[in-house]
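*Asks:*
In the working numbering, the protein residues as written are 14 to 354.
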């Protein structure tokens, strides 16, 4: 089970590939949250009401860990009869607990504390291939167990500095690479991906490509790394290749970018990313936006106190919240607007 920093709705609506532009098939639905309660303790319990005497928020697991395991959350004092352990199926229950640095969305209908308690949204853990079975509930948490981060709406997100060559598979990596202001990336000038912002960084034999994506008051950062190779016999100045490798019952993806001249590699790669055909460029976008989804494992925002926050969440885990859906074409226009002329 993944230890999520928080879980929020990101239902990504995907249309089948057809004659429409590739960028129209990549979409992101952004939840309408105005603020978060950030937990600064471990194994924190949540309650149905703003007091320690009301029932704990609990979580029911459908079984002990099969491929189809899923979870539901409930209140211990009013709903326990609906969710019982079952030795035959392996179903069990345990308290729903928030951990240090968990981002709990504030209930948009009740953001003010009551007797020092805050009303937040808790989400059932989403397991394996059981989408749609997760649920969410409002719950209360003591204000002494964390602090509030209200999302700023004054446009400062455009000036946020982000890592442009992070280890995208390691959320705990301390060395996250060079920082750049998100709105200063180069942009594709034409084609299906017009105005898609990106950064490219060369480090020894690796090229990192990073896409900053503005959506509302949040910034999503997605990217990939490609091994750089030099082949003087290659006709094209630059060529991208992605492939699936199978070794000893193991399967993984790898990507390379080959240049035919060892001089000026960084400039050649940047020019290629800006001007290559949509077909060539889609080798990258299909890697980064898997299943035509904008990844949500690096999400940034600025709170009203000026702090920069980074969080991540699993998609398709929450229901019942106001959302706005963007196509990639719309997101590209937002990036262009954020970046200025």
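Note that CB positions come from ideal geometry on N, CA and C, so glycine has one too.
Can you list, in chain order, the residues of its chain with a C-beta nearer than 6 Å to that of residue 308? Leave out the 5 residues immediately preceding and following it.
*Replies:* Locating residue 308 in the chain shown gives position 295, where the first residue counts as 1. Hits under 6 Å: 235.
*Asks:* Tell me whether residue 101 sits in a helix, a strand or coil according to DSSP, three-state version.
*Replies:* Taking the first residue of the chain shown as position 1, residue 101 is located at position 88. If DSSP states are grouped into helix, strand and coil, residue 101 belongs with coil.
*Asks:* Rounded to whole angstroms, what is the Cα-Cα separation between residue 46 and residue 119?
*Replies:* For this step, residue 46 is matched to residue 33 along the chain shown. For this step, residue 119 is matched to residue 106 along the chain shown. Taking the straight line from one Cα to the other gives about 7 Å.
*Asks:* Which parts of the stretch 295 to 345 are runs of the beta strand (DSSP E), unbroken and 3 residues or longer, counting only runs that do not cross its ends?
*Replies:* Entirely contained in the stretch 295 to 345, the beta strand (DSSP E) runs reaching 3 residues are, in chain order, 312 to 315, 321 to 324 and 336 to 340.
*Asks:* Mind checking which residues open and close the alpha helix (DSSP H) that includes residue 281?
*Replies:* Here residue 281 corresponds to residue number 268 of the chain shown, with the count starting at 1. Run containing residue 281: 278 to 288, per the alpha helix (DSSP H) assignment.
*Asks:* Let me know if residue 263 comes out buried or exposed under the rule of 16 or more other beta-carbons within 10 Å of its beta-carbon.
*Replies:* Locating residue 263 in the chain shown gives position 250, counting from the first residue. Counting Cβ neighbours within 10 Å, residue 263 comes out exposed, since fewer than 16 surround it.
*Asks:* Since residue 173 is in the beta strand (DSSP E), which residue starts that stretch and which ends it?
*Replies:* Taking the first residue of the chain shown as 1, we reach residue 173 at position 160. Neither: residue 173 is in no beta strand (DSSP E) and is coded neither H nor E.
*Asks:* Could you check the C-alpha separation between residue 156 and residue 65 for me, to the nearest Å?
*Replies:* Locating residue 156 in the chain shown gives position 143, where the first residue counts as 1. Locating residue 65 in the chain shown gives position 52, where the first residue counts as 1. Taking the straight line joining both Cα atoms gives about 13 Å.
*Asks:* What is the C-beta distance between residue 325 and residue 310, in whole angstroms, given that I count them as a contact (C-beta under 8 Å)?
*Replies:* On the chain shown, residue 325 is found 312 positions in, with the first residue counted as 1. On the chain shown, residue 310 is found 297 positions in, with the first residue counted as 1. Right, the Cβ-Cβ distance comes to about 4 Å (below 8 Å), so this counts as a contact.
*Asks:* Tell me the DSSP bridge mates of residue 160?
*Replies:* In the chain shown, counting from the first residue as 1, residue 160 sits at position 147. 51, per the DSSP bridge assignment.
*Asks:* Using a Cβ-Cβ distance under 8 Å, would residue 136 count as near chain D?
*Replies:* Among the chains of the structure shown, chain D does not appear; only one protein chain is present.
*Asks:* Is it a yes or a no for the stretch 50 to 62 touching the stretch 160 to 168, going by three-plus beta-carbon pairs under 8 Å?
*Replies:* At 8 Å Cβ cutoff, the stretches touch.
*Asks:* Between residue 63 and residue 128, how many whole angstroms is the CB-CB distance? I'm expecting something under 8 Å.
*Replies:* By one-based count along the chain shown, residue 63 stands at place 50. By one-based count along the chain shown, residue 128 stands at place 115. Contact holds; Cβ gap of about 6 Å.
*Asks:* Alpha carbons only, please: which of 249, 77 and 348 is nearest the one belonging to residue 100?
*Replies:* Here residue 100 is taken as the residue at index 87 of the chain shown, counted from 1. Residue 100 has its Cα closest to that of 77, out of 249, 77 and 348.
*Asks:* If residue 316 and residue 164 are in contact, beta carbons under 8 Å, what's the gap, nearest whole angstrom?
*Replies:* Here the question's residue 316 lines up with position 303 in the chain shown. Here the question's residue 164 lines up with position 151 in the chain shown. With 8 Å as the limit, residue 316 and residue 164 qualify as a contact, their Cβ atoms being about 7 Å apart.
*Asks:* Distance check for residue 113 and residue 184, CA to CA, integer angstroms please.
*Replies:* Here residue 184 is taken as the residue at index 171 of the chain shown, counted from 1. Here residue 113 is taken as the residue at index 100 of the chain shown, counted from 1. Reliability of the predicted coordinates at residue 184 is poor, the pLDDT of 43 falling under 50, and no value is obtained from them.
*Asks:* According to DSSP, what are the bridge partners of residue 192?
*Replies:* Within the chain shown, the letter at position 179 stands for residue 192. 176.
*Asks:* Could you give the residue range of the beta strand (DSSP E) that holds residue 63?
*Replies:* Translated into positions along the chain shown, residue 63 becomes position 50. Neither: residue 63 is in no beta strand (DSSP E) and is coded neither H nor E.
*Asks:* What does a CB cutoff of less than 6 Å around residue 56 pick up in its chain, not counting 5 residues either side in sequence?
*Replies:* Here the question's residue 56 lines up with position 43 in the chain shown. Hits under 6 Å: 110.
*Asks:* Which whole-angstrom value is the C-beta distance of residue 98 and residue 105, which I expect to be below 8 Å?
*Replies:* In the chain shown, counting from the first residue as 1, residue 98 sits at position 85. In the chain shown, counting from the first residue as 1, residue 105 sits at position 92. 5 Å between Cβ atoms; contact.
*Asks:* Give a yes or no on whether the C-beta atoms belonging to residue 191 and residue 345 are separated by under 8 Å.
*Replies:* Within the chain shown, residue 191 is the residue found at index 178, counting from 1. Within the chain shown, residue 345 is the residue found at index 332, counting from 1. In this structure, residue 345 does not lie closer than 8 Å to residue 191 by Cβ.
*Asks:* Counting pairs of beta carbons, one from the stretch 237 to 247 and one from the stretch 267 to 277, are three or more of them closer than 8 Å?
*Replies:* Short answer: they touch.
*Asks:* For residue 56, report the span of its beta strand (DSSP E) as first-last.
*Replies:* Residue mapping note: residue 56 aligns to position 43 of the chain shown, counting from 1. Here residue 56 belongs to no beta strand (DSSP E), and DSSP marks it neither H nor E.
*Asks:* Using the Cβ count rule (16 or more neighbours within 10 Å means buried), how would you classify residue 168?
*Replies:* Position 155 of the chain shown, counting from 1, holds the residue named residue 168. Its Cβ having fewer than 16 others within 10 Å, residue 168 is exposed.
*Asks:* Note down the Cα distance separating residue 231 from residue 313, rounded to an integer number of angstroms.
*Replies:* The sequence position of residue 231 within the chain shown is 218, counting from 1. The sequence position of residue 313 within the chain shown is 300, counting from 1. Approximately 6 Å between the Cα atoms of the pair.
*Asks:* Distance, Cα to Cα, residue 186 vs residue 178?
*Replies:* Here residue 186 corresponds to residue number 173 of the chain shown, with the count starting at 1. Here residue 178 corresponds to residue number 165 of the chain shown, with the count starting at 1. Legend: pLDDT at residue 186 = 43, less than 50; position of this residue unreliable, value from coordinates given subsequently. Residue 186 and residue 178: Cα-Cα distance of roughly 12 Å.
*Asks:* What does a CB cutoff of less than 6 Å around residue 255 pick up in its chain, not counting 5 residues either side in sequence?
*Replies:* As a position in the chain shown, residue 255 is number 242, starting the count at 1. Cβ neighbours of residue 255 beyond the five flanking positions: 268, 296 and 300.
*Asks:* How far does the beta strand (DSSP E) with residue 155 in it reach, from first residue to last?
*Replies:* By 1-based counting over the chain shown, the position of residue 155 is 142. That run of the beta strand (DSSP E) goes 149 to 155.
*Asks:* Please classify residue 277 as buried or exposed, where buried requires at least 16 neighbouring CB atoms within 10 angstroms.
*Replies:* As a first step, residue 277 must be located in the chain shown, where it is residue number 264. So residue 277 ends up on the exposed side.
*Asks:* In chain order, what are the residue ranges of uninterrupted beta strand (DSSP E) at least 3 long that sit wholly in the stretch 79 to 136?
*Replies:* Runs found: 84 to 88, 105 to 108, 116 to 118 and 130 to 136.
*Asks:* For residue 302 and residue 90, what's the separation of their Cα atoms in angstroms?
*Replies:* If you number the chain shown from 1, residue 302 lands on position 289. If you number the chain shown from 1, residue 90 lands on position 77. Rounded to whole angstroms, residue 302 to residue 90 spans 43 Å at the Cα level.
*Asks:* Answer with buried or exposed for residue 320, where buried requires no fewer than 16 other C-beta atoms within 10 angstroms of its C-beta.
*Replies:* Start at 1 with the first residue of the chain shown, and residue 320 comes out as number 307. So residue 320 counts as exposed.
*Asks:* Just mark residue 225 as buried or exposed, buried being the case when its beta carbon has 16 or more other beta carbons within 10 Å.
*Replies:* Numbered from 1 along the chain shown, position 212 holds the residue referred to as residue 225. Under this definition residue 225 is a buried residue.
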